[in-house]
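*Asks:* Every letter in the sequence shown is one number past the one before it in UniProt numbering, and letter 21, counting from 1, is 21. Note that beta-carbon positions come from the ideal geometry of N, C-alpha and C, so glycine has one too.
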Amino acid sequence: MDEVKFGEILLPGDEDTQSRREKTVRQKFWPTFRRAVRQIPFSRDVVAGFYCALDPQTPTKVRGVLLAALAYFVMPVDIIPDIFAVIGFSDDVAVLSAAFAMVRGHIRSGHYDAADRVLADPPADTMKTI
């Protein structure tokens, strides 16, 4: 993926776009995460990014970038289909890595604390298979 493509994927979008992305991310994040957890080397960061994106105190542009990356992660259609073992989530990892590099410093310790709690003791309705 080239940098132009990252730029297109990670555009924060307007308020309507962010609302649509947030709804999609809320609905599809945990099922997608369950399928990908073993293939993403930084799953704690992904979950912390999820909580940062949903935090109303996170700046709008940062929320937009994270929601764009997370929406790409949960969408069934992407550059490399997720059904391919090993490489299926590689494009998702690249997009998430770029997003985290862009918003570094905005994912706070509280977001990581929430990620640690859910990863240590997953609620039945979110992460049954982890």
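Please report the residue range of the alpha helix (DSSP H) in which L70 lies.
*Replies:* T60 to V74 is the span of the alpha helix (DSSP H), which, as asked, contains L70.
*Asks:* Determine contact between the segment 98-115 and the segment 33-41, defined as no fewer than three beta-carbon pairs at a distance below 8 Å.
*Replies:* Touching, no.
*Asks:* Would a C-beta distance cut-off of 9 Å place P12 and T58 closer than the cut-off?
*Replies:* The answer is no: Cβ separation not under 9 Å.
*Asks:* One question on the structure: do V65 and F29 come within less than 9 Å of each other, judged by their Cβ atoms?
*Replies:* No, they are not a contact pair.
*Asks:* Who are the near neighbours of A115 in its chain, counting only those whose CB is closer than 6 Å to its CB and skipping five residues on each side?
*Replies:* Closer than 6 Å at the Cβ level, and outside the excluded window around A115, lie R44, V47 and A48.
*Asks:* Name the residue from P122, S90, L67 and A94 whose alpha carbon lies nearest to the alpha carbon of S19.
*Replies:* With distances taken between Cα atoms, S19 lies closest to L67.
*Asks:* Only counting the same chain, and skipping five residues up and downstream in sequence, which positions put a Cβ closer than 6 Å to that of I79?
*Replies:* Because I79 carries a pLDDT of 49, less than 50, the predicted location of this residue cannot be relied on, and the following value inherits that uncertainty. Hits under 6 Å: D91.
*Asks:* Just reading off the alpha helix (DSSP H) that H106 is part of, what are its end residues?
*Replies:* Run containing H106: none; DSSP gives neither H nor E here.
*Asks:* What is the rounded straight-line gap between the Cα of Q27 and the Cα of R35?
*Replies:* Those two C-alpha atoms are separated by around 15 Å.
*Asks:* Excluding the 5 residues flanking L119 on each side, which residues of the same chain have their C-beta closer than 7 Å to its C-beta?
*Replies:* Cβ neighbours of L119 beyond the five flanking positions: R44 and V47.
*Asks:* Run through DSSP, which three-state label would V37 get?
*Replies:* In this structure, V37 counts as coil in the three-state DSSP scheme.
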